[in-house]
Structure formats: structure tokens, C-alpha cells
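Peer 1: For the sequence shown, full-length UniProt numbering gives the first residue as 1, with consecutive numbering after it.
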Amino acid sequence: MSINLAVCVAVGVLLIAIATAEDPYRFFDWNVTYGDIYPLGVRQQGILINGQFPGPTIHSVTNDNLIINVINSLDEPFLISWNGIQQRRNSFEDGVYGTTCPIPPGKNFTYIMQVKDQIGSFYYFPSLGFHKAAGGFGAIRILSRPRIPVPFDEPADDFTVLIGDWYKSNHTDLKAILDRGHKLPNPDGILINGHGPNGSTFTVEQGKTYRLRISNVGLQNSLNFRIQNHRMKLVEVEGTHTVQQMYSSLDIHCGQSYSVLITADQPGQDYFIVVSSRFSAPILTTTGVLHYTNSAGKVSGPIPGGPTIQVDWSLNQARSIRSNLTASGPRPNPQGSYHYGMINTSRTIIIQSSAGRVDGKQRYGLNGVSFKPADTPLKLADYFNIGGFRVGSISDRPQGRRLHLDTAVMGADYRTFIEIVFQNPEDIVQSYHIDGYQFFVVGMDGGVWSEGSRKGYNLHDGVARSTIQVYPKSWSALYVPLDNVGMWNVRTEFWARQYLGQQFYLRVYTNSGSIRDEFPIPKNARLCGRAAGRHTRPL
């Protein structure tokens, strides 16, 4: 599809929207290129969007339609995925290889999606290869509609804070290490909005309150975020307004997003913003600057310390994060009107991580299966009845088998309500994401999960989110309403492990054939593999 044709399609969609009074449309044109970046003081090949590293922020409002035309000016295929955006009834646009054909070099693809019934703080990132280690990520903000009350006063300003660990090596060199079957070394540092120590400054005025939207876009490390002499009021987690509690620092695990309010209530000077790695050796630390407009001096003094390897501290903090049941979400009804704890689950899925060597190379897996990509994106293969994968190729319980390769797809029925338990037998903190869904975090604890563990569940105000951490030798349990038909990626957010197989696809299926349940394949969808040459129906 040519770029001009993509624009014509987008304009046509807009005209239809105007004629039928649909929700607003927002248009974006992105050119993805390589460029020199120096985040840790050495030159690297970075991935830029419209010349920016990190990429531009997407500003939107609940139910907006986003038309994002992505031109791939790299010399290799490229895809962007949308971390936490639920893609209601539309997994074709999810932007991972299991659902969407890559954009070839020199070509474009126009994502057409709606942020249906969502609010909050999210981010996008490149999902193919090891591109995430080169950049190409940016923030997504979804504001509430004007008539929907927000449970705090409008802040004086709203800042994006993208934090993450980083390597000095180019992503191509890191990918080559993984392709040879080896583990990656430890990251070299931590970035704040693409900058190393004291490279990012946030300017505030004394006495005013500000919102910080913090996302961990890194590759493997849990990170602790804190601001010298300031406390943070947590107000939102991945689209859910939370009980407003004060924290001196926050653990933000890979793939997670938090919104906090800070008040500039200190004497006028500059203060350290500190981000440090958790549960790692060595501890990586970087700093930014909170600059008061009436500052009497530059940032000084020792960098404020934070937690390092204390798991119980982090676990207790995680348990303290709860949904604000009286606040409205994307709709005017309170978030607490969905009484998830009163619904009986119909199925329990237990997912356990594993690591090992397959054919002499390092691999990672879930329930004994290390994911092997098919020759055709699974969603297209399913839509056109091409085959190439088997539903049930990964079990819903650990089997104790040796790690093996397969195109792992698990089946699930539409409109069921299920329990998912992530079991972590390893000595590291892990982090998992489920595309297409917000789930309710009902419990987490040490040891091995059992049915008796349900006695300690939070069935009242557990936070709803899309990414969950699992502590060492521990478990985390979720309740998931399967209300979104599609082929959805379930993955670790540790990107080397994801690249080496620690993921699978959840096929949420109905045979209704109704567009109320799932949209047809987009008219502009790229078709590749054995789907090439097929015909799509209009969107």
C-alpha cells in the first residue's frame, strides 16, 4: 500500500466519522529512521521517530480513533506495539509478529485503532528483533472525557518520564549474542527520557502540583524511582485510578506505568530525581533534576539512597496499591461497580517460567515450551484457516517436561472469567504482560501457589492493570474477564527472554462471526507468509 493511498484511506475514514458523528480522530505521521545517539556518552545507532529519541508522545482522549501512519525507513522489517492499549475487538492491529505482518524496509503501514473505554498512562515500543534496545519507544496519554470527573485537581503541568536500563552496545550486537545462544551481560546504565546522569530536567514552580507519568521501558531491571526531599501521591496505574497514598519511592517493574502527583513544597533550589535498579548486582543508578523556577542553587548533596535487594519491602508496597472504588474510570460509573470478587472463575491457568538449553543454545520458556515463530502471523493464519500452529500446544499447567520449541498457542473461550497464576521458581523478579486486557491483581506471595492461597486474595479492590511482577520463589494471581476476542500475546517483559521464547499466544475465540465481538480484518492489512495474495474485506 503506497503512502498516498494510506493517507486517502485515513481521510476517507475521517469523512465517514464526520458524517456519522463518531468519536474524534487524531492523525499521526511517523518516519522511523536510524540516527546517532549518545545516551551514555558513546555514539550508538538509535531508532528515531521523526528524528526524536525517545519518540513523540501520543496525546489522546477516551474513545479517540488514532490513525498512525508509520513509514519504515530502516533497512530491516519493523513493527510498533502498544503496551497496555487494549485494541478492543481488533488484535490485527496489536503490532506483534503473532498478529501483524512486519512493515518492509521503505514501506509504510497505517495503524487504525481506538482507545475504547480507556484512560491513563501507557507507552509504545518496537516489537521485532531486538529493536527495543535501540529506542523507538514513546509515551501514550489517554485523558478522561471532559464530563467524566477525575479524582484530583488538574495539575499545573503533566510530565512524561520514561525510565529504563540501557546498553552501550548497538542492538545489532546484542541480538547477535542472543542468536549465538548466549546470555546478555548486565546493562551499562539507566536512562531518563533518553538521557544519562543529570541529562533530564523538569521545571516546577514553588507551591504548585504536577503529574509525572512514569513508565519502565527498559529491558530487564526493576527500577526504584524517588525525588530528593519530595513525596509522591500515587493516583493511577495503567488505566486505573488508585487509592491516593503517599510514597517516598516507588518500585516500577519492567513494562509498568504509574502516575504520581508531586507538590513543589520545598525551598527553592534544585533536587535530584533518582532512578536505581532493584535486586541487581551491581546496583545501577542515574539522576535527573527537579528544577524550581526560583532556584537559589544547583542540585547538591549526596544522592538520596533507596531500597536495593529487599524483596519484602517491594512486596508490601505492591500489596498497598489498590483501586479507588469511588472514582470514575473511562465511564461515569465508579470503578468499584465491577464486583470481580463475586464472579466465579471457570478455569485456572498456572504459568511457570523455565530456562535451559535447546540444541546447544540458551532458551527461555513457559510451562516447558519455548516459543518458535511461525512462517505466518498467527492471527492471519487463523483468520484464513491456513494452519501452521496448534491450539493447545502449550498446557495450562506446568508439565515438568524438558524445555522444547513449539509455536505455543493456548485456547480460551470468549466471555469466560478465568484465574491466571504466574509461578516463579527462579531467584529473580519477573514481569509479565498480557496484550488486549486489563486484569485484576488478586494476590501475590512467596512459595508455591495452591488452592488454599485463595484465602488471602483481595476480592474487593485489587488494582486492574496489564503488567504484573512476580517476586523470586513466589507467585502472583490474576482474575481476567475474557471479554476481548483475538489472538493475544502473553509475554515476559524481560526482552532477552521474550526474544528467546518466553511468550505464548492466548486465542480468545467465539464462532459468532458478529462485528459486535470482533472487527473483520482491516482493509489495509499487510499480508505476508502464506497469507500473501489473499483478499481482505473492508474494515
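Even for Gly, the Cβ is constructed at its ideal location relative to N, Cα and C.
What you are looking at is a predicted structure, and each value in this text was computed from that prediction instead of being measured.
(1) Could you spell out the range, first to last residue, of the beta strand (DSSP E) harbouring S81?
(2) Within 8 Å, do at least three Cβ pairs link the region 113-121 to the region 63-79?
(3) Which same chain residues end up closer than 8 Å to G400 when comparing Cβ atoms and leaving out the 5 residues on each side of it in sequence?
(4) May I ask you to report which of helix, strand or coil DSSP gives V358?
(5) Per DSSP, E419 forms a beta bridge with which residues?
(6) If you measure between the beta carbons of G95 and I80, is that distance less than 8 Å?
(7) Nearest to T269 by alpha carbon, out of L284, H253, V289, Q256?
(8) At which residues does the alpha helix (DSSP H) containing S314 begin and terminate?
(9) Tell me the rounded alpha-carbon separation between D36 and P105.
(10) Do L506 and W488 have their CB atoms nearer than 8 Å?
(11) At what residue ranges does the UniProt domain "Plastocyanin-like" (158-294) contain a whole run of the alpha helix (DSSP H), taking only runs of 4 or more?
(12) If you measure between the beta carbons of F384 and R534, is that distance less than 8 Å?
(13) How about R89 and N524: are their beta carbons less than 8 Å apart?
(14) Assuming E93 and Q86 form a contact by the criterion Cβ under 8 Å, report the distance between their Cβ atoms to the nearest whole angstrom.
(15) Would you report the Cα separation of A381 and P373, rounded to the nearest angstrom?
(16) Y471 by DSSP, collapsed to three states: which one?
(17) Would you mind sorting residue 541 into buried or exposed? The rule is 16 or more other CB atoms within 10 Å of its CB.
(18) Could you tell me whether the region 116-130 touches the region 323-341, using the rule of 3 or more Cβ pairs below 8 Å?
(19) Closest to V32 by CA distance: which of A134, N344, G239 is it?
(20) When the Cβ atoms of the region 407-423 are set against those of the region 336-354, are three or more pairs found closer than 8 Å?
(21) From this set, V161, G199, Q220, L261, which residue's C-alpha is nearest E154's C-alpha?
(22) Identify which residue in G436, Y499, G456 has its Cα closest to the Cα of P481.
(23) Pull up the distance between the alpha-carbon of M410 and that of F202, whole angstroms please.
(24) Provide the residue(s) that pair with F384 in DSSP beta bridges, ordered along the chain.
(25) I'd like to check one pair, L223 with V161: are the Cβ atoms closer than 8 Å?
(26) Alpha carbon to alpha carbon, how far is I351 from D396? Give it in angstroms, no decimals.
(27) On the DSSP bridge assignment, give the partners of T33 in chain order.
(28) Could you name the residues that DSSP lists as bridge partners for N424?
(29) Quick check on C8: does DSSP put it in helix, strand or coil?
Peer 2: To lay it out plainly:
(1) For the purposes of this step, residue 81 is identified with residue 81 of the sequence shown, where counting begins at 1. S81 -> beta strand (DSSP E) spans 80-83.
(2) By the C-beta criterion, the region 63-79 is judged to be in contact with the region 113-121, since at least 3 inter-stretch pairs fall below 8 Å.
(3) The residue labelled residue 400 in the question sits at position 400 within the sequence shown. For G400, the CB contacts under 8 Å within the same chain, skipping 5 residues up- and downstream, are G368 in chain order.
(4) Stepping through the sequence shown from its first residue, residue 358 is reached at position 358. Here V358 sits in strand by DSSP.
(5) One-based indexing of the sequence shown puts residue 419 at position 419. Beta-bridge pairing links E419 to T348, Y479.
(6) Along the sequence shown, read from residue 1 onward, the residue named residue 95 stands at position 95. Along the sequence shown, read from residue 1 onward, the residue named residue 80 stands at position 80. Taking C-beta atoms as the reference points, G95 and I80 count as a pair closer than 8 Å.
(7) On the sequence shown, residue 269 is found 269 positions in, with the first residue counted as 1. Correcting the residue identity first, residue 269 is Gln in this sequence and not Thr. When only C-alpha atoms are compared, the closest one is V289.
(8) For the purposes of this step, residue 314 is taken as the residue at position 314 of the sequence shown. Going by DSSP, S314 is part of the alpha helix (DSSP H) stretching over 311-320.
(9) Here residue 36 refers to the residue found at position 36 of the sequence shown. Here residue 105 refers to the residue found at position 105 of the sequence shown. Their backbone Cα atoms lie some 19 Å apart in a straight line.
(10) As a first step, residue 506 must be located in the sequence shown, where it is residue number 506. As a first step, residue 488 must be located in the sequence shown, where it is residue number 488. For the 8 Å CB-CB criterion, L506 and W488 form a contact.
(11) Counting only runs of 4 or more, we get 171-179.
(12) Here residue 384 corresponds to residue number 384 of the sequence shown, with the count starting at 1. Here residue 534 corresponds to residue number 534 of the sequence shown, with the count starting at 1. Yes, the Cβ-Cβ distance between F384 and R534 is below 8 Å.
(13) Here the question's residue 89 lines up with position 89 in the sequence shown. Here the question's residue 524 lines up with position 524 in the sequence shown. No, Cβ-Cβ distance for R89 and N524 is not below 8 Å.
(14) Position 93 of the sequence shown, counted from the first residue, corresponds to residue 93. Position 86 of the sequence shown, counted from the first residue, corresponds to residue 86. That belief does not hold up - the Cβ atoms of E93 and Q86 are roughly 11 Å apart, past 8 Å.
(15) Translated into positions along the sequence shown, residue 381 becomes position 381. Translated into positions along the sequence shown, residue 373 becomes position 373. Cα to Cα, A381 sits roughly 12 Å from P373.
(16) Mapped onto the sequence shown, residue 471 falls at position 471. Y471: coil per DSSP, three-state reduction.
(17) Since the first and last residues shown for the chain are 1 and 539, residue 541 lies out of range.
(18) Because the criterion of three Cβ pairs below 8 Å is met, the region 116-130 and the region 323-341 touch.
(19) Stepping through the sequence shown from its first residue, residue 32 is reached at position 32. When the alpha-carbon of V32 is set against those of A134, N344, G239, the nearest one is in A134.
(20) Judged by Cβ distances under 8 Å, the region 407-423 makes contact with the region 336-354, as three or more pairs qualify.
(21) As a position in the sequence shown, residue 154 is number 154, starting the count at 1. Taking only the C-alpha atoms, the option nearest E154 is L261.
(22) Numbered from 1 along the sequence shown, position 481 holds the residue referred to as residue 481. Ranking the options by Cα distance to P481, first place goes to G436.
(23) Sequence index remark: in the sequence shown, residue 410 carries index 410 (1-based). Sequence index remark: in the sequence shown, residue 202 carries index 202 (1-based). Each residue's Cα considered, the two are about 45 Å apart.
(24) Counted from its first residue, the sequence shown places residue 384 at position 384. For F384, which the question treats as bridged, DSSP gives no partner whatsoever.
(25) Translated into the one-based positions of the sequence shown, residue 161 becomes position 161. Translated into the one-based positions of the sequence shown, residue 223 becomes position 223. In this structure, L223 does not lie closer than 8 Å to V161 by Cβ.
(26) For the purposes of this step, residue 396 is taken as the residue at position 396 of the sequence shown. For the purposes of this step, residue 351 is taken as the residue at position 351 of the sequence shown. Between the alpha carbons of D396 and I351 lies a gap of roughly 7 Å.
(27) Position 33 of the sequence shown, counting from 1, holds the residue named residue 33. Answer is L48, bridged to T33.
(28) Within the sequence shown, the letter at position 424 stands for residue 424. Paired residues: S474.
(29) Walking along the sequence shown from the start, residue 8 turns up at place 8. Reliability fails at C8, whose pLDDT of 45 lies under 50, so the model's placement of it is uncertain and the value that follows must be treated cautiously. If DSSP states are grouped into helix, strand and coil, C8 belongs with the helices.
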